[in-house]
Structures are given as structure tokens and as C-alpha cells.
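A quick write-up on the structure given underneath.
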Amino acid sequence: MDAMVTAVDVHKYFGALHALAGVSLEVPRGDVSCIIGPSGSGKSTFLRCINQLERPDKGAIFVDGALIGYRRVGDALHELSDRELARQRLASGMVFQRFNLFQHLTALQNVTEGPITVQKRQRREATDEALALLARVGLADKRDAYPIELSGGQQQRVAIARALAMRPKLMLFDEPTSALDPELVGEVLEVMRDLARSGMTMIVVTHELGFAREVASRVVFMDRGAIVEEGPPQEILARPHHPRTREFIAAVLP
Amino acid sequence: MTSAALPRPYDIAHLTHVRRRHYGRWLAAALILVAFGFLAKAFAEGQIAWTVVGQFFTAPAILQGLWGAVWMTFCAMALGIALGVLFAVMAMSPNPVLKAVATFYIWFFRGTPLLLQLLIWFNLALVFPRLGIPGLFEARTVDVMTPFMAALLGLGVGQGAYTAEVVRSGILSVDLGQTEAAKAIGMTRLTTLRRIVLPQAMRVIIPPVGNEVISMVKLTSVASVIGYAEILRNAQTIYYANARVIELLIVAAIWYLIVVTVLQIGQYFLERHFSKGRGERRAKTVVALEPQGA
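Residue numbers (my numbering), protein chains in the order written: chain L, 1 to 254; chain F, 255 to 548.
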């Protein structure tokens, strides 16, 4: 099986709210999947289940063939320990809507923190690689700046470098441009475009339909905790079959 | 467009601005200075032998007491902070037993007077004549519970209850997104606490803990009741012998002020260190760039 991510009938409840009502999805290796949909449709929750920031109540998610968050013992799935979960999360890099850069560390330290503290790599090697990553996102000159001294777009680019420094197999983006001033969206999308060209498997929750049209190999439309339809961008964005997709795209596109 | 070209009453933009004089402030300052002058005169002429103050200021017993107070402050705060972090983490734990133990600890030690706690520790031998772990070591409680041990436990364990609340509020002040980002790069809960959350919580924790260190310097004087040799205790021992009560109390007061002043300076630098990445330094530059005066 050549899928990077396979989700099978994933359910998630927040109290009485059925946030994910049976989501099944397969993301092939090297694919860029954009998940779109109205707010509250469960797209962020689904993304957060993939690296176990949320724990699904039912169903299973596999990343690179490995079951995430649980160990199968007979007919039951047993929760993994904190340490095992931490190790599994190394497979995927995550980029947050609100950047979540470590406020007490400089841009460079944000990028080297994981490799040095978690992966126990040599400081010099980690620093060299971090500097190369900062250069790749166009921020080599901001290595010693603290997050508060950076613009939103710059912070998000450092956050992408931080995630890449862990050498993940898969990158998850949770509305990476939603908290940005309009004139800063382009620089972040450019970095993501570059990453997609390099063959990285990406799952992007986004409202940027333009980006989806141009970069995505597949667009997934979610509503009310379920996938309504999925397909190539030219099909989903230009000729959606489902009335709810049509309604959403008409409302979002100017 | 010059203001003279404008019709009345708009033709006044060229006039000089004159600041208010604040005569009231000058008057208040003068009155207070006069009052201070009287106070200084009263002390200078009062029944205080200032030469005795100078003579005992560096007496060996006083310096030994000074060391006792500083060392006790250090040990008791170290114990208090260690317990504070431990019980703060326990109080926030999802385990109901840990949570209940932490809540009880904070409730008990914040709820009873320090003097009473000191007396209980010091008199522990009345309850448990012998202490120890069977087979490993055992000792008579009176030998273990020296004035130093009793003061350390009384001050440190009591301090832990206050520090736990300070640490807890510090941890709560750190945005949840920081924890999620740490998880996302594969950190365990303990590493997240140590590398990401606590360093940022320090910014909130340091000012109240600095305040508590200063309190602790003075609280060590309470340990004089159980015979711990600190400044006040040793000053008292001297004035019981020579009857120079006020002089020796002044010696003790000056030493407390010196220690507290040094600690305040230390706190300033510590706060500056832990405000890294919070823009405080930048804020200062902005203030400096504002035009000075009128």
C-alpha cells in the first residue's frame, strides 16, 4: 500500500457534538491534499487527529503504514504511552494557524530545539541544518530575532522551518494563512508551493482556494464532520457535484 | 499657511506654550522635607548611643547571625521552590489523588500560622520519639530536629504552599499553543514542561517569588523563638548582657535592609533575563526615543 495517510471511519465527539462523523481518507505519498469547508466542519479536528493532538473516539488512522495512537492487542486498541505518542508524532510536522513559535527562543533556537532536545542530534549539525532551512524560507538574516520581533508571515515561515527540521515524512498545515494580514499571505504560500514541488506529502486545511487550485493534487470538501466529496481541484472547485460544495465555493470565491 | 493669515480666533498657532507651575507639589515637598528634618534631629539627639551601633555593627556574633539568616533564606527558599513546582504540577495533574494531596498541602500550610508550624516541627519528638526507615537508619528525633532543621522545615514547607500557587498561575499564563507546538515536534510532557512551559512561566513567577524571598529574609527572625542563631536572636543575646536594646535592634534593622537591597538588585537582573523575547527591551528604547521635556 503506497498511502502515506490512511484514515478509516474516524469519529470524534466533543461532549454532545459529533465533530467527526466517520471520516475515511487516503492520501498517497507525495500528494498535496487541500481540505476545504465551512468553519466547524471538522477539518481542523481531523488534521489534529492525524498527529494525535486530538484522540479519535473510534476508527483508526495509519501514517506510513503504522497505526497512530494505539497498539492492537487482540480485538482491542490500547492507548500508547506519552513517550510512544511523542515518538510517533515525529513522523509528521505541524504548522498552526497561530504559528505557536516558542516565544522565549530566537528564530534559530526555535528551529534547533526539536533536533537537539528531542532527536539528540549534534548541536553543530542541527544548527547548520537549521540555518539552511531558514535560508530556504528566506529568513537567514532573522536567525537571532525573537518571534515578537517578526511579522506574522515571517513567524509562520520560521514555524514551517521548525517543522521541517524534524525531517518529517508528512506536513500538516492547519489554516496556515488565516491569521495573517492579507499582504503577508503570499510569502507563506510561496514557501508551501516550494515545499510541494520538492515532493513532500502535505495535508493543508485552508480557505485559499487559489492555492488549492494551483498546488493541490486533490481537494477534499468537508461539512458537518464528514467528507462530502473529493477529487482533483479542477473538478471540485470548477464543477462540484454536491449542492453543499457548490454553495460553499460560491460563497468563498469573490 | 501661516497662522497670522488666519482670521481670529484661529491666528494663534505661533504663540509659545507655557506649562502649568504645580505650586501644590512644591509646597507638599517642602512640608515633607521639614517633617523629615525634625525626625532626623529627634533621632540624632535621642537616647541612642550611635557609637555603640557602630561598635556592634560588625561584631562576630552579629556577622554569624547575618550568615545564619542568609543561609536559612537560601535553604528554605530552595526547599520552598522545589516543593512549590512539585505541588503546582500535582495540583494540575489529571490524577485525582495527586490533585487532592496538593490541594490539602496548600490548604493546611497556608491555613496555619508560621510560628505554630515552627513550634510543631521543633517539638516533633513529643509525637515521634524516634525517626527513620526500619532497617536503613534510625535516630532520636531530638538529635535530628535541631533548631536549623526545624526552622528549615517550618519555613521551607510553609513557603512551598505559597510558591505552589505562584507557579501554578505562571504555568496557566503560558498559551496552550506552546504546549501543542512542543507536542508536535515530539516532546514528552515532562520535556515540554522543562524546556518550553517553565522558562516562559518564569516571567510571571519571578516577581512574586522575589517578593517572597524578601519576606523570607525577615521571616527567618521568627526562627529565633526556637533558638536558631540568626541576626535578631544574636542581637537579643547581646542586649540581654549589655542592655543596649535599641542600639542592637538598629544594627539588626540595618543589616536586614542591606540584605534586602542586594536581593532587589538581583531580582532586577533576573527579571530582565527571563523577559527575553517579550519585547521589554524594545519597549524601553521606544520610551527613550520620545522627546524629553517641553
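Ideal Cβ positions, reconstructed from N, Cα and C, are used throughout, including at glycine.
Around the C-beta of residue i, are 16 or more other C-beta atoms found within 10 angstroms, so that it is buried, or is it exposed?
i	result
A548 (chain F)	Because the pLDDT of A548 (chain F) is 34, which lies under 50, any placement of that residue in the model is unreliable, and the number read from its coordinates should be weighed accordingly. Exposed, because fewer than 16 other Cβ atoms sit within 10 Å of the Cβ of A548 (chain F).
D31 (chain L)	buried
Q154 (chain L)	buried
Y494 (chain F)	exposed
S478 (chain F)	buried
L372 (chain F)	buried
E544 (chain F)	For E544 (chain F), the predicted structure reports a pLDDT of 39, less than 50, and the residue's modelled location is therefore unreliable. A value from the coordinates is still provided. With fewer than 16 other Cβ atoms within 10 Å, it is exposed.
R273 (chain F)	exposed
D75 (chain L)	exposed
K58 (chain L)	exposed
V516 (chain F)	exposed
A284 (chain F)	exposed
D128 (chain L)	exposed
E299 (chain F)	exposed
R448 (chain F)	exposed
F328 (chain F)	exposed
V505 (chain F)	buried
E208 (chain L)	buried
D397 (chain F)	exposed
I299 (chain L)	Only positions 1 to 254 of chain L appear in the structure, and residue 299 (chain L) is not among them; the question remains open.
R48 (chain L)	buried
Residues of chain F with CB closer than 8 angstroms to the CB of residue i, please, in chain order.
i	result
P147 (chain L)	G531
M166 (chain L)	I439, G440
Can you list, in chain order, the residues of its chain whose CB lies under 8 angstroms from that of residue i, leaving out five sequence neighbours each side?
i	result
E534 (chain F)	Because E534 (chain F) sits at a pLDDT of 48, beneath the cut-off of 50, its placement in the model cannot be relied upon, and the following sentence gives the value as read from the coordinates. Closer than 8 angstroms at Cβ, skipping near neighbours: R526.
E26 (chain L)	A3, V5, T6, A7
M166 (chain L)	L90, G93, G114, P115, V118, Q119
R532 (chain F)	R457
Name the DSSP bridge partner or partners of residue i?
i	result
S198 (chain L)	Note: S198 (chain L) sits in no beta bridge, so no partner.
V23 (chain L)	L:V10
P28 (chain L)	L:A3
L17 (chain L)	L:F14
F62 (chain L)	L:T6, L:L67
L170 (chain L)	L:S92, L:T201
D223 (chain L)	L:A226
F528 (chain F)	DSSP output for F528 (chain F) lists no bridge partner at all.
C34 (chain L)	L:V204, L:V219
H78 (chain L)	L:R71
R384 (chain F)	F:R394
G334 (chain F)	Paired residue(s): none; G334 (chain F) is not in a bridge.
G231 (chain L)	L:V219
Output, in chain order, the set of chain L residues within a Cβ distance shorter than 9 angstroms of residue i.
i	result
I387 (chain F)	What I387 (chain F) touches in chain L: nothing, since even the nearest Cβ is about 31 angstroms away.
P453 (chain F)	F102, H104, L105
M331 (chain F)	Here the premise fails: no neighbours, minimum Cβ distance about 23 angstroms.
T445 (chain F)	A86, T117, V118
Ordered along the chain, which non-local residues of its own chain (more than five positions away) have a Cβ less than 7 angstroms from that of residue i?
i	result
I425 (chain F)	A342, M346, V451, A455
H78 (chain L)	Y70, R71
I160 (chain L)	V95, V137, V191
H11 (chain L)	L20, A21, G22, P56, D57, K58, G59
E419 (chain F)	I360
Below 8 angstroms on the Cβ atoms is my guess for residue i versus residue j; work out the distance and round it to an integer in Å.
i	j	result
Q103 (chain L)	P147 (chain L)	6 angstroms
R218 (chain L)	E229 (chain L)	Incorrect: roughly 11 angstroms between the Cβ atoms, too far for contact.
Q97 (chain L)	E175 (chain L)	4 angstroms
M399 (chain F)	L378 (chain F)	5 angstroms
A303 (chain F)	I485 (chain F)	The pair is not a contact, with the Cβ atoms about 19 angstroms apart (cut-off 8 angstroms).
I460 (chain F)	L524 (chain F)	6 angstroms
I61 (chain L)	I203 (chain L)	No, I61 (chain L) and I203 (chain L) are not in contact; Cβ-Cβ is about 12 angstroms, not under 8 angstroms.
L385 (chain F)	T395 (chain F)	5 angstroms
V218 (chain F)	E501 (chain F)	Shown here, chain F extends from 255 to 548; a query on residue 218 (chain F) therefore has no answer.
Cβ closer than 9 angstroms: which chain F residues qualify as neighbours of residue i?
i	result
L53 (chain L)	E434, K437, A438
R89 (chain L)	K437, A438, I439, G440, M441
Could you name the residues of the same chain whose beta carbon sits closer than 6 angstroms to that of residue i, not counting the 5 residues immediately before and after it, in chain order?
i	result
P401 (chain F)	I480, G481, Y482
V215 (chain L)	V32, R193, A196
A542 (chain F)	Residue placement at A542 (chain F) cannot be trusted, given a pLDDT of 38 that sits under 50; what the coordinates show is reported in the next sentence. No residues qualify anywhere along the chain.
F99 (chain L)	Q155, Q156, A159
V428 (chain F)	V451, Q454, A455
Residues of chain F with a CB under 7 angstroms from the CB of residue i: which are they?
i	result
A161 (chain L)	What A161 (chain L) touches in chain F: nothing, since even the nearest Cβ is about 12 angstroms away.
By the criterion of Cβ-Cβ separation under 7 angstroms, what are the contact partners of residue i in chain L?
i	result
G431 (chain F)	F96, R98, N100
Which chain L residues are close to residue i, counting only those with a beta carbon under 8 angstroms from its beta carbon?
i	result
M346 (chain F)	Going along chain L, no residue has its Cβ under 8 angstroms from M346 (chain F), so there is no contact; the nearest lies around 15 angstroms.
R449 (chain F)	E113, T117
T203 (chain F)	What is shown of chain F runs 255 to 548, which leaves residue 203 (chain F) out entirely.
T270 (chain F)	Under the 8 angstroms cutoff, chain L gives no residues; its nearest Cβ is about 41 angstroms from T270 (chain F).
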